[in-house]
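Asks: Residue numbers for the sequence shown follow our numbering, so the first one is 1 and each next one is one higher.
Using N, Cα and C, we set each Cβ at its ideal position, and we do this for glycine too.
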Amino acid sequence: MAGELISARFRMPIPDGVWTKEVSMSFPEARFRLLAGVPTDEEAMCLGEVIGDKAAAAGEAIRDHSEIVDYDELYTDAQRTIAQYKGTKRPFFDLFGSTSLPPEFPTVARNGTVEFDVTVTREQFEQLGAVLEDRGVAYELVSVVRDRESESVLTERQRECLSVALGAGYFQVPRECTLADVAERLGVDKSTASKTIRRGAARVLEWFLIGQRSHTDPQLP
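Below you can see the structure in the form of structure tokens.
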């Protein structure tokens with residue numbers, strides 16, 4: 001559909017041999033947030049944040065990891081550490097480089113998995129999914145929200161039926177009117193009112209949240 005944007009959140013296991021996986025699994029309760037990053041030649045310059053009870057220790061683990069060639073601590077307290085560092089591996093940037101999509105920050109790593117968001121067109125969304133599947137990456141599509149023109153979501157009749165039902169209290173808990181009351185206000189029979197309301201409600205739910213879809217291929221790049 002022309003003009004449609006999709007905001008999606010992905011979750012996937014971090015590949016073996018990457019420092020983020022090793023350190024995050026050593027501190028499973030901590031959150032490792034990549035606030036910004038830029039690939040440089042074969043490395044990646046990153047601004048990262050660790051949040052958790054052992055943030056300082058986790059920061060030291062990052063500093064001491066063999067893949068980190070430069071580490072500059074910018075701030076630390078009992079629950080939070082912020083640092084700028086350079087890593088020798090950059091699977092996240094390589095993934096986005098193959099799709100021509102700009103990464104969105106922050107990304108969040110926790111206990112061996114990473115979550116990241118994208119806001120893309122339908123074509124770009126399908127391209128990213130194809131790249132992940134072609135590489136055999138196990139991933140979970142945590143959520144999808146579609147931003148469309150409002151008139152594309154509901155038909156005029158569905159909008160009318162939902163508006164009447166909402167105004168009459170049909171969606172209240174407990175309900176303030178019956179389906180027969182809504183049908184009478186619309187001038188239709190109960191069966192027609194029921195079908196139109198259900199279809200309209202389903203389209204609204206689909207518009208705001210498409211639910212979960214998992215891909216569980218265990219092979220990682």
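Cβ of glutamate 115 less than 8 Å from any chain C Cβ?
Replies: No chain C appears in this structure, which consists of one protein chain only.
Asks: Can the beta-carbon of glycine 59 be found less than 8 Å from the beta-carbon of threonine 88?
Replies: Their beta carbons are not under 8 Å apart, which means glycine 59 does not touch threonine 88 by this criterion.
Asks: So is alanine 30 buried or exposed if we call it buried at 16+ other beta carbons inside 10 Å?
Replies: Alanine 30 is buried by the Cβ-count criterion.
Asks: If contacts are defined as beta-carbon pairs under 8 Å, then glycine 169 and glutamate 176 qualify, I think. What distance do you get, rounded to the angstrom?
Replies: With a Cβ gap of about 3 Å, glycine 169 and glutamate 176 count as contacting.
Asks: Answer with buried or exposed for tyrosine 85, where buried requires no fewer than 16 other C-beta atoms within 10 angstroms of its C-beta.
Replies: Answer is buried; the Cβ neighbour count reaches 16.
Asks: Please classify valine 137: is it buried, with 16 or more other beta-carbons within 10 angstroms of its beta-carbon, or exposed?
Replies: Buried is the call here.
Asks: Alpha carbon to alpha carbon, what distance is there between aspartate 181 and aspartate 94?
Replies: Distance between the alpha carbons of aspartate 94 and aspartate 181 is about 58 Å.
Asks: Taking lysine 89 as part of the alpha helix (DSSP H), name the residues at either end of that continuous run.
Replies: Looking at the DSSP string, lysine 89 is not in any alpha helix (DSSP H), and its letter there is neither H nor E.
Asks: Could you pull the start and end residues of the beta strand (DSSP E) that cysteine 46 belongs to?
Replies: Start and end: 43-51.
Asks: Going by C-alpha to C-alpha distance, which of Gln127, Cys46, Arg199 sits closest to phenylalanine 32?
Replies: Residue Cys46 is the option with its Cα nearest to phenylalanine 32.
Asks: Drop a sphere of 10 angstroms on the beta-carbon of lysine 21, count the other beta-carbons inside from all chains shown, and report buried for 16 or more, exposed for fewer.
Replies: Its Cβ being crowded by 16 or more others within 10 Å, lysine 21 is buried.
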